[in-house]
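Enquirer: Starting off with a structure, shown below.
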Amino acid sequence: MKLKNFYHLHGHRLKVSPQATLEVAKDVKCTVSCMRNEDCFSFNVKKISSNLFLCELLNTSKFLDSDNLTRDENFAHWYLQEPCNPLLCGDESQGKCVIDSDGTAVSCNCSEKYEAKRCEIRIYDAKRNYALNKPTTASVRDYISQRAVDGNSNSNWYGNSCYETLYEPVPHWWRVNFEEEIQVARVVITNRGDCCGDRLSNFGIKIGNSLKENGVTNPACGETHLAVPQGQTKTFACSPPMKGQYLVIHSFLTDRPMVFCEVQAYAYP
Numbered sequence: 000m001k002l003k004n005f006y007h008l009h010g011h012r013l014k015v016s017p018q019a020t021l022e023v024a025k026d027v028k029c030t031v032s033c034m035r036n037e038d039c040f041s042f043n044v045k046k047i048s049s050n051l052f053l054c055e056l057l058n059t060s061k062f063l064d065s066d067n068l069t070r071d072e073n074f075a076h077w078y079l080q081e082p083c084n085p086l087l088c089g090d091e092s093q094g095k096c097v098i099d100s101d102g103t104a105v106s107c108n109c110s111e112k113y114e115a116k117r118c119e120i121r122i123y124d125a126k127r128n129y130a131l132n133k134p135t136t137a138s139v140r141d142y143i144s145q146r147a148v149d150g151n152s153n154s155n156w157y158g159n160s161c162y163e164t165l166y167e168p169v170p171h172w173w174r175v176n177f178e179e180e181i182q183v184a185r186v187v188i189t190n191r192g193d194c195c196g197d198r199l200s201n202f203g204i205k206i207g208n209s210l211k212e213n214g215v216t217n218p219a220c221g222e223t224h225l226a227v228p229q230g231q232t233k234t235f236a237c238s239p240p241m242k243g244q245y246l247v248i249h250s251f252l253t254d255r256p257m258v259f260c261e262v263q264a265y266a267y268p
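As structure tokens, this is what we get:
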């Protein structure tokens, strides 16, 4: 984004909630601030004094919000020359910017997963288990880690639908990859029922985008030390909902394996 890409309208203000408001000594610093912010597509400038200007950085444009462009002699509105900035409607997976026939306005054609004026709101299926059949890995016995997301909550080990680590190595962890960043509001876990329920008596749930230390350093969903009674299914709320590509279950126990039979993840409480 270069300085020459901006045009201005004296005596106009795009009256929307600003992404950021700041005071600067020179009005050109408003332009620089917008250029450095990838979510800034236009800005309003008001002269307060000879060496003080008010900047309102906006995450929209006069092309997308033309109804909110008002006359105001105290302001000047600066906007990008190109109506369809590549990020105005999110990235390619969110939506596409479309210019109207006379080139004076644009709209965002959102993909099926997104909605709102800039396609900024992700749409989730309230009933969908986002962990179902997604790729998994674990600290050990990776070849049976997929059992925990196979859609079968049979709590009997001999039903071949439970996952369990070995005594070593520690710490024990298991991870599912949603293959995209999603919102997680609740996690449902089923413990083994025919034996060894204490092996899921002290664990944590982590959700985030980092794979540092196998994802164990991501933020925690719910309390730190969790437990599910033997043979039971328990729901853990992530409040507020969390976003991440990975969900990790890790055990704080070092004297026994970790075991569970099904893990489910939902976008809404």
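Under numbering that gives the first Met the number 0, read the sequence shown as residues 0 to 268, first letter to last. For glycine and all other residues, C-beta sits at the position ideal for the given N, C-alpha and C.
#1: When the Cα atoms are used, what is the spatial distance from S49 to I204?
#2: Let me know the secondary structure DSSP gives S200 once reduced to three states.
#3: Can you check DSSP and say which residues form a bridge with E163?
#4: How big is the Cα-Cα spacing for T20 and T59?
#5: Helix, strand or coil: how does DSSP classify C195 here?
#6: Where does T234 land, buried or exposed, given buried means 16+ other C-beta within 10 angstroms?
#7: Only counting runs of 3 or more residues, tell me where the beta strand (DSSP E) segments fall wholly within the segment 224 to 268, in order along the chain.
#8: Please report the residue range of the alpha helix (DSSP H) in which T30 lies.
#9: Do you know offhand how far P256's Cα is from C33's?
#10: Thinking C-alpha only, which one of N108, P82, S92, G89 is nearest D101?
#11: Return the Cβ separation of V169 and I206 in integer angstroms, given the expectation that the two are a contact with Cβ distance under 8 Å.
Expert: Checking against the coordinates, here is how it stands:
#1: 55 Å
#2: coil
#3: DSSP, once it has assigned bridges, lists V258 as partnering E163.
#4: 15 Å
#5: For C195, the three-state secondary structure derived from DSSP is coil.
#6: It counts as exposed.
#7: 232 to 250, 261 to 265
#8: 27 to 34
#9: 53 Å
#10: P82
#11: V169 to I206, Cβ: 22 Å. No contact.
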